[in-house]
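Chemist: Per my numbering, numbering through the sequence shown is continuous, rising by one, with the last residue being 276.
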Amino acid sequence: MIKIAGKVVELQDIGRDFPRGGVESMIIQKIWGAEESFEYSSIDELRFEVELRKSTIEAAVELNSSGMGFAIFEKSRCNTDYWKRSPDGGFVLKSNVRPSDAMRDIYKNGSLYATECATAIMIVFYKAVLTLYPDALYDKVFSNITLMNWHHIDPVFGSIGLMKNTKDFLPGDRGYFINPDVDPLTPHWQGENVIILGGGSYYGHGIGIKNAEAIIEALNQNRARGSNKSAYMLKKVGRVNYRKLFRTAKSYH
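1. Output the boundary residues of the beta strand (DSSP E) element that contains Leu220.
2. One question on the structure: do Asp191 and Glu58 come within less than 8 Å of each other, judged by their Cβ atoms?
3. Within this structure, are the beta carbons of Asn264 and Trp212 separated by less than 8 Å?
4. According to DSSP, simplified to helix, strand and coil, what is Trp106?
5. Alpha carbon to alpha carbon, how far is His175 from Thr169?
6. Out of Lys30, Met24, Glu68 and Arg266, which has the shortest C-alpha to C-alpha gap to Asp40?
7. Closest to Gly198 by CA distance: which of Asn216, Ser182 and Asn188 is it?
8. For the alpha helix (DSSP H) that contains Glu240, what are its first and last residues?
9. Taking only runs of the beta strand (DSSP E) that begin and end inside the region 98-186, which ones reach a length of at least 3 residues, in chain order?
10. The alpha helix (DSSP H) that contains Val253, what's its start and end?
11. Count the other CB atoms within 10 Å of the CB of Thr142; is the residue buried (16 or more) or exposed (fewer)?
12. Where Cys140 and Gly227 are concerned, what is the direct C-alpha to C-alpha distance, given to the nearest angstrom?
13. Measuring straight from C-alpha to C-alpha, what distance separates Ile239 and Val164?
14. Less than 8 Å between the C-beta atoms of Met256 and Phe200, yes or no?
15. Quick one: residues in its chain with C-beta nearer than 7 Å to the C-beta of Pro194, no 5 flanking neighbours on either side, listed in chain order?
16. Label Val31 either buried or exposed according to how many other C-beta atoms from any shown protein chain fall within 10 Å of its C-beta, with 16 as the threshold for buried.
17. Please look up how many angstroms separate the CB atoms of Ser65 and Ile27, rounded, as I've assumed it's under 8 Å.
18. When you compare each of Arg262, Val115 and Asn87 to Ser99 by their alpha carbons, which one comes out closest?
19. What is the rounded straight-line gap between the Cα of Tyr105 and the Cα of Lys273?
20. Once DSSP output is grouped into helix, strand and coil, what is the label at Ile230?
21. Around the C-beta of Gly29, are 16 or more other C-beta atoms found within 10 angstroms, so that it is buried, or is it exposed?
22. Please determine whether the Cβ atom of Ser118 lies at a distance below 7 Å from any heavy atom of the ligand FMN.
Structure (structure tokens):
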């Protein structure tokens, strides 16, 4: 269900604002058909969320092709022209570089980087916002970036780490596949953070773009010896604060 300015809207009333047959159309249909009520102050706010979800999907696909490697935090690496590697394996933005340039470098020089799946998810969301924000605004809003996991996160992305129960899995959401009986010798296979791409596909760093069955199969291959308990996808998602990001963009203009 979609509400704009407090009123329920029908799909045909807003469908003309989004290209038919495109990614935007798929996203708006998913939001409109959700059991949860999604409320917006204006059609512009709805349009912003749809565009950011689209950019999130694109950023995930691009990161998958960037050449960025997979590594546990103890062995992570980054381009030291833009980032400082912290003792715990995170990437801390250097003070003398522009955040927008540093984020683009990950996609341009992916082979210089390697990290775990949680960091990759954060990179995707940061890059998605960069697609919509002018560089000047982006550099102002995200002047102190630390890329690692949900413990080092900008407040506007806080809800990504705090996943909530849902029946609605929307393109651009963060999802999670859990491996409850992971092999203790391979703890990094305890689960897979993913970006929901739509059409039954997911992006997970290290696994790539796969359907749910393939991700579960990969996790099941790393269960404790003798375990028959299958991995599965949690009925939870993490979402960015679309409203706050929209208001920030609107105030800039």
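Glycine is no exception: its CB is placed at the ideal position from the N, C-alpha and C atoms.
Modeler: Answer, in terms of the structure:
1. Gly214 to Gly221
2. Yes, the pair counts as a contact, with Cβ atoms nearer than the cut-off.
3. no
4. strand
5. 6 Å
6. Glu68
7. Asn216
8. Ala235 to Asn243
9. 106-108 and 114-116
10. Strictly speaking, residue 253 in this sequence is Ser, with Val absent from that position. Looking at the DSSP string, Ser253 is not in any alpha helix (DSSP H), and its letter there is neither H nor E.
11. buried
12. If I take the Cα positions, the gap works out to 7 Å.
13. As the crow flies, the alpha-carbon of Ile239 is around 37 Å from that of Val164.
14. yes
15. Met49, Ile50, Lys53, Arg76, Ile80, Ile219, Leu220 and Gly221
16. exposed
17. 7 Å
18. Val115
19. The alpha-carbon atoms of Tyr105 and Lys273 are separated by roughly 29 Å.
20. coil
21. exposed
22. Among the ligands in the structure shown, none appear at all, so the ligand FMN cannot be discussed.
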